[in-house]
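Before any comments, here is the structure.
2 protein chains.
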Amino acid sequence: MKKPKYHVFICSSSRINGQQKGFCHSKNSVNLLEEFMEEIEERGLGGDVLVTHTGCFGICEKGPVVVVYPHNVWYGGVTSDDIEVIMDEHIEGGSPVKSLEIN
Amino acid sequence: MKKPKYHVFICSSSRINGQQKGFCHSKNSVNLLEEFMEEIEERGLGGDVLVTHTGCFGICEKGPVVVVYPHNVWYGGVTSDDIEVIMDEHIEGGSPVKSLEIN
Chain A
1 MKKPKYHVFI CSSSRINGQQ KGFCHSKNSV NLLEEFMEEI EERGLGGDVL
51 VTHTGCFGIC EKGPVVVVYP HNVWYGGVTS DDIEVIMDEH IEGGSPVKSL
101 EIN
Chain B
1 MKKPKYHVFI CSSSRINGQQ KGFCHSKNSV NLLEEFMEEI EERGLGGDVL
51 VTHTGCFGIC EKGPVVVVYP HNVWYGGVTS DDIEVIMDEH IEGGSPVKSL
101 EIN
């Protein structure tokens, strides 16, 4: 199989009982997920960048949480306005966006 | 924040509309998730290994799918019987289990 060069995980507060409620979900993380996917498609990066939504990462107070592997970069408080800079600087530029990283 | 040394992502077929049905879910991936968590706790690795469930990875025919980052190792057709070998050889031993990797 072709592995993704960048794998973007976005907490959508999905629970294993099928419920979907939690901090990231309440902060529009589902929209964030869809906007990331659209941005990736528009840039023609669908073959290299995979986006997957997840259950809780356990750091709700830092949400919405976006994790980029294999670089192990954790972003917090991510909003729609941050997508472009993450795509430009990190996904396309190769340098994580320090100002959004969770310390 | 302390980042996980190993981050185990397990597809639970969670959908962003809150529904939870799909191939991995139908193959007991929720049990797999809980058994991985128990095994990690029993081995005292909770501080280094994080387990997160996810939505579909798009390779349902290879499911249940388990992905281990930052090593970008993709396992397919994972069952409860495989947990011990993945924990022994990969998570504790540092060598991915070739026989379970998706090619």
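Line by line, the protein sequences give chains A and B.
In terms of the working numbering, the first sequence opens at residue 1 and continues consecutively.
In terms of the working numbering, the second sequence opens at residue 1 and continues consecutively.
Using N, Cα and C, we set each Cβ at its ideal position, and we do this for glycine too.
1. Short check: CB of H7(B) to CB of Y75(B), under 8 Å?
2. Spell out whether any CB of chain A is found under 8 Å from the CB atom of H111(B).
3. Could you give the distance in angstroms between the alpha-carbon of E146(A) and the alpha-carbon of P4(A)?
4. Any idea what DSSP makes of L100(A), helix, strand or coil?
5. List, in order along the chain, the chain B residues whose C-beta lies closer than 9 Å to that of I59(A)?
6. Use the C-beta contact count for V78(A): other C-beta atoms within 10 angstroms, 16 or more gives buried, fewer gives exposed.
7. Going by C-alpha distance, which of P96(B), I86(B), K62(B) is nearest R43(B)?
8. How would you list, in chain order, the residues of chain B whose beta-carbon sits under 7 Å from the beta-carbon of L33(A)?
9. Tell me whether the region 26-41 of chain B and the region 86-98 of chain A touch, counting them as touching only if at least three CB pairs, one residue from each stretch, are closer than 8 Å.
10. May I ask which residues mark the beginning and end of the alpha helix (DSSP H) holding C24(A)?
11. Which whole-angstrom value describes the C-beta separation of T54(B) and H25(A), a residue pair presumed to lie in contact below a C-beta threshold of 8 Å?
12. Please specify which runs of the beta strand (DSSP E), each continuous and at least 3 residues long, are wholly inside the region 14-58 of chain A, giving them in chain order.
Quick answer:
1. No, these two residues do not count as a Cβ contact at 8 Å.
2. Because chain B is modelled from 1 through 103, residue 111(B) falls outside the range shown and cannot be assessed.
3. With chain A covering 1 to 103 only, the question about residue 146(A) has no answer from this structure.
4. In this structure, L100(A) counts as helix in the three-state DSSP scheme.
5. Going along chain B in sequence order, the residues near I59(A) (Cβ under 9 Å) are M1.
6. So V78(A) counts as buried.
7. When C-alpha distances from R43(B) are compared across P96(B), I86(B), K62(B), the shortest belongs to I86(B).
8. The answer, in chain order, is I16.
9. Counting Cβ pairs under 8 Å, fewer than three are found: no touch.
10. In the DSSP annotation of this structure, the continuous segment of the alpha helix (DSSP H) that includes C24(A) starts and ends at 23-26.
11. With a Cβ gap of about 15 Å, T54(B) and H25(A) do not count as contacting.
12. List check, beta strand (DSSP E) in window: 49-54.
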